[in-house]
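Q: For what it's worth, the working numbering labels the leading residue of the sequence shown as 1, then goes sequentially.
Ideal Cβ positions, reconstructed from N, Cα and C, are used throughout, including at glycine.
Got a structure for you, written out below as structure tokens; questions coming shortly.
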Amino acid sequence: MKKIMILLMLPILVSFIYPVKKSEKMMANVLNIDNIVKTLTDKYGVLYKDKIEKGVTQAAALWTDKDGDDKVFENFCYDNYVKPGAEQKALFDRISVN
Numbered sequence: 001m002k003k004i005m006i007l008l009m010l011p012i013l014v015s016f017i018y019p020v021k022k023s024e025k026m027m028a029n030v031l032n033i034d035n036i037v038k039t040l041t042d043k044y045g046v047l048y049k050d051k052i053e054k055g056v057t058q059a060a061a062l063w064t065d066k067d068g069d070d071k072v073f074e075n076f077c078y079d080n081y082v083k084p085g086a087e088q089k090a091l092f093d094r095i096s097v098n
């Protein structure tokens, strides 16, 4: 029983010795996010504003300084946003399967 407890405690102890590095700060600022959302909403329609805002915000949360500056993030969003409708559903179906 004592050996099992030691084996169970080992990962916890190791995690204190080797702390996980915090990811770099989020680079995309709120003003930039608002501009990207507005531009994409103008392009695809107000009907999709909530979806666009959620997607851009999620991408910004994962964006770090290693990925690039605000301009690179902006271009990434414009180039990779998938048109709502059948094309977006097909992409979702493709990436949701392991």
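1) Using C-beta distances below 7 Å, list every residue in its chain close to V72, excluding the 5 sequence neighbours before and after it, in chain order.
2) Return the first residue and the last residue of the alpha helix (DSSP H) that D69 is part of.
3) Go to N35, then tell me how far its alpha helix (DSSP H) extends in each direction, as first and last residue.
4) Could you work out which residue in D42, D67, K51 and A59 is closest to Q88 when comparing CA atoms only?
5) Helix, strand or coil for Y81 per DSSP?
6) If you draw a straight line from the alpha carbon of G85 to that of F92, how long is it in whole angstroms?
A: According to the data block:
1) Counted from its first residue, the sequence shown places residue 72 at position 72. So no residue of the chain qualifies.
2) Against the sequence shown, residue 69 aligns to sequence position 69. First-last for D69: undefined, no H or E at that position.
3) Here residue 35 refers to the residue found at position 35 of the sequence shown. V30 to Y44 is the extent of the alpha helix (DSSP H) around N35.
4) Mapped onto the sequence shown, residue 88 falls at position 88. For Q88, the closest C-alpha among the options D42, D67, K51 and A59 is that of K51.
5) Residue numbering aside, residue 81 sits at position 81 when the sequence shown is read from its first letter. If DSSP states are grouped into helix, strand and coil, Y81 belongs with coil.
6) Taking the sequence shown and counting its residues from 1, the one referred to as residue 85 is at position 85. Taking the sequence shown and counting its residues from 1, the one referred to as residue 92 is at position 92. When rounded, the separation of the alpha-carbon atoms in G85 and F92 is 11 Å.
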